[in-house]
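>
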Amino acid sequence: MESKVVAAIAVIMLLIGAGIGWFAGSTGPQPSQAPPSTITTTVTVQATGAAKLPEKIRIGAVLPITGDLASEAALVKNMFKLAKEDIDSYLRSLGLNSEVIFEIEDSQTSPEGGLKAIQTLAARGISVIVGPMISPAISAARSYVDSNHIVLISE
Numbered sequence: 097m098e099s100k101v102v103a104a105i106a107v108i109m110l111l112i113g114a115g116i117g118w119f120a121g122s123t124g125p126q127p128s129q130a131p132p133s134t135i136t137t138t139v140t141v142q143a144t145g146a147a148k149l150p151e152k153i154r155i156g157a158v159l160p161i162t163g164d165l166a167s168e169a170a171l172v173k174n175m176f177k178l179a180k181e182d183i184d185s186y187l188r189s190l191g192l193n194s195e196v197i198f199e200i201e202d203s204q205t206s207p208e209g210g211l212k213a214i215q216t217l218a219a220r221g222i223s224v225i226v227g228p229m230i231s232p233a234i235s236a237a238r239s240y241v242d243s244n245h246i247v248l249i250s251e
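Numbering (our numbering), first residue to last: 97 to 251.
#1: Buried or exposed for residue 212, going by 16 or more other Cβ atoms inside 10 Å?
#2: Quick check on this structure: which residue in 197, 202 and 236 has the alpha carbon closest to the alpha carbon of residue 181?
#3: Please classify residue 219 as buried or exposed, where buried requires at least 16 other C-beta atoms within 10 Å of its C-beta.
#4: Starting from residue 242, follow the alpha helix (DSSP H) in both directions and report where the run begins and ends.
#5: Grab the span of the alpha helix (DSSP H) containing residue 178 for me, first residue to last.
#6: Where do the ends of the beta strand (DSSP E) carrying residue 195 lie?
#7: Is it true that the region 223-233 meets the region 241-249, where meeting means three or more beta-carbon pairs spaced less than 8 Å apart?
#8: Is the separation between the beta-carbon of residue 203 and that of residue 229 shorter than 9 Å?
#9: Rounded to whole angstroms, what is the Cα-Cα separation between residue 191 and residue 166?
#10: Measure the alpha-carbon distance for residue 163 versus residue 169 and round it to whole angstroms.
#11: In this structure, does DSSP put residue 152 in helix, strand or coil?
#12: What is the DSSP secondary structure of residue 161, counted as helix, strand or coil?
#13: Roughly how many angstroms separate the alpha carbons of residue 233 and residue 210, rounded to a whole number?
#14: Can you check which of these residues, 154, 171, 155 and 153, is closest to residue 161 by C-alpha distance?
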């Protein structure tokens with residue numbers, strides 16, 4: 097059952113990652129293009145009496161709160177707020193007494209800052225992390241993430 101819970105959380109996080117990608121891609125001037133189409137994804141998770149989720153599902157987020165991409169962090173923070181509301185509502189509809197808590201750390205828009213933020217979240221026992229938003233930070237954290245069995249979701 098634990099693997100089903102981890103799989104459900106992973107699917108939710110992939111949807112959140114897609115949301116981050118959408119927000120990041122939708123900022124700034126855009127070339128003229130055809131009207132966007134809407135894609136709806138439905139995720140169904142079946143909970144049984146044997147499925148046990150912790151009361152607080154802690155998920156880390158590494159965002160560029162400072163540095164060159166600081167303006168993007170505000171958008172992503174809002175996305176996390178909306179995702180939390182949706183996920184918590186869904187969990188309640190399943191009769192589960194759990195909530196999602198996003199714990200955010202600053203990547204400082206740098207590889208070193210991204211690694212430090214991941215290490216800080218891992219020290220708190222968080223093993224699922226969204227971000228960092230820049231590829232060099234992901235590269236800098238790769239061996240640490242792999243050796244500590246951390247699920248890293250990034251665009």
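We treat Cβ as the ideally placed atom computed from N, Cα and C, and that holds for glycine. This structure is a prediction, so every number in the text was calculated from the model and none was measured.
According to the structure data:
#1: buried
#2: 197
#3: exposed
#4: 231-243
#5: 166-189
#6: 195-202
#7: yes
#8: yes
#9: 38 Å
#10: 10 Å
#11: strand
#12: DSSP places residue 161 in coil when its eight states are reduced to three.
#13: 5 Å
#14: 171
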